[in-house]
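Numbering (my numbering), first residue to last: 3 to 223.
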Ligand code: DX5
Ligand code: ZN
């Protein structure tokens, strides 16, 4: 597994020119496209769904698409996103009636599966499903909106998740989502994250490559 991956959240991209935005951010050095799905039910906001994911694939995007489901119920969306070309599908355990079944649906469909933990959600369920997951995503803001501030106690939780992943001996990505920027990315990596979602920090700047280069320089320091 590549040690560090930068995953721009297209939530902060210009939706009127989404294909071009994704092309530009990949050309700027992004590794993974982070795709935030919100349903105005599990979270108080509404974004994009499987049709947009498949449109990006048709547009020619070959990079991994990391679908972060903030929807309830979860299972119906899994099939739709498998068909739409998702590479990773992650969901919040609170939003699924049957966590193990949802993970199984993702795996059987050929995608990588992950669980997402809100800032105040304990990691307890992880130990029962470690064998089935490829990604642990820790939210460092409350889900629903871009541009929020990183919640500092997520660093302790990252260390906790890192220890669980290492003890499992499995190749599981530890992704962090919310308020990540070039100033705090180094500290976040030191706490154990290897995959960094960043929305506003990248898309609110005119030069995406400059921000991504700055993030990589901080990670290499
Ligand atoms: C929030 C989303 C994030 C969001 C991050 O619910 O899951 O992916 O886009 O945005 P920033 O990086 O601006 O905090
Ligand atoms: Zn997200």
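Using N, Cα and C, we set each Cβ at its ideal position, and we do this for glycine too.
Closer than 6 Å by C-beta to residue i: which residues in its own chain qualify, once you throw out the five before and the five after it? Chain order, please.
| i | result |
| --- | --- |
| residue 132 | 170 |
| residue 184 | 216, 217, 220 |
| residue 76 | 93, 97, 98, 104 |
For the alpha helix (DSSP H) holding residue i, just list the boundary residues, first then last.
| i | result |
| --- | --- |
| residue 52 | 52-61 |
| residue 35 | From DSSP, residue 35 is part of no alpha helix (DSSP H) but of the beta strand (DSSP E) over 35-40. |
| residue 26 | 20-29 |
Alpha carbon to alpha carbon, how far is residue i from residue j?
| i | j | result |
| --- | --- | --- |
| residue 54 | residue 96 | 25 Å |
| residue 126 | residue 46 | 26 Å |
| residue 17 | residue 173 | 33 Å |
| residue 70 | residue 161 | 22 Å |
| residue 141 | residue 106 | 23 Å |
| residue 156 | residue 121 | 7 Å |
| residue 186 | residue 108 | 32 Å |
| residue 167 | residue 117 | 13 Å |
| residue 200 | residue 20 | 16 Å |
| residue 12 | residue 191 | 22 Å |
| residue 213 | residue 24 | 15 Å |
| residue 222 | residue 72 | 32 Å |
| residue 111 | residue 208 | 38 Å |
| residue 151 | residue 206 | 15 Å |
Can you check whether the CB of residue j is closer than 9 Å to the CB of residue i?
| i | j | result |
| --- | --- | --- |
| residue 65 | residue 35 | yes |
| residue 194 | residue 219 | no |
| residue 92 | residue 48 | no |
| residue 2 | residue 8 | Residue numbering for the chain in the displayed model covers 3 to 223; residue 2 lies beyond these limits and cannot be assessed. |
| residue 74 | residue 100 | no |
| residue 180 | residue 154 | no |
| residue 159 | residue 119 | yes |
Among residues of its own chain, excluding the 5 on either side of residue i, which ones have a beta-carbon nearer than 8 Å to its beta-carbon?
| i | result |
| --- | --- |
| residue 51 | 39, 79, 82 |
| residue 56 | 85, 86, 87 |
| residue 102 | 130, 131, 134 |
| residue 3 | Note that residue 3 scores a pLDDT of 49, beneath 50, so its modelled location is shaky and nothing firm can be said. |
| residue 5 | 196 |
| residue 178 | 139, 140, 142, 156, 160, 190, 195, 197, 198, 199 |
Among the residues of its own chain, which have a CB less than 7 Å from the CB of residue i, if the five just before and after it don't count?
| i | result |
| --- | --- |
| residue 114 | 89, 90, 136, 137 |
| residue 202 | 14, 148, 149 |
| residue 210 | 26, 27, 30, 204 |
Could you tell me the boundaries of the beta strand (DSSP E) in which residue i lies?
| i | result |
| --- | --- |
| residue 9 | 7-10 |
(request) Jot down the residue ranges of each uninterrupted beta strand (DSSP E) in the stretch 174-210, minimum 3 residues, whole runs only, in chain order. (result) 175-179, 197-200
(request) Can you check the stretch 47-135 for any alpha helix (DSSP H) of at least 4 residues that lies completely inside it and give the ranges in chain order? (result) Listed in chain order, the complete alpha helix (DSSP H) runs (minimum 4 residues) inside the stretch 47-135 are 52-61, 77-85, 101-110, 128-131.
(request) Only counting runs of 4 or more residues, tell me where the alpha helix (DSSP H) segments fall wholly within the stretch 137-176, in order along the chain. (result) 156-170
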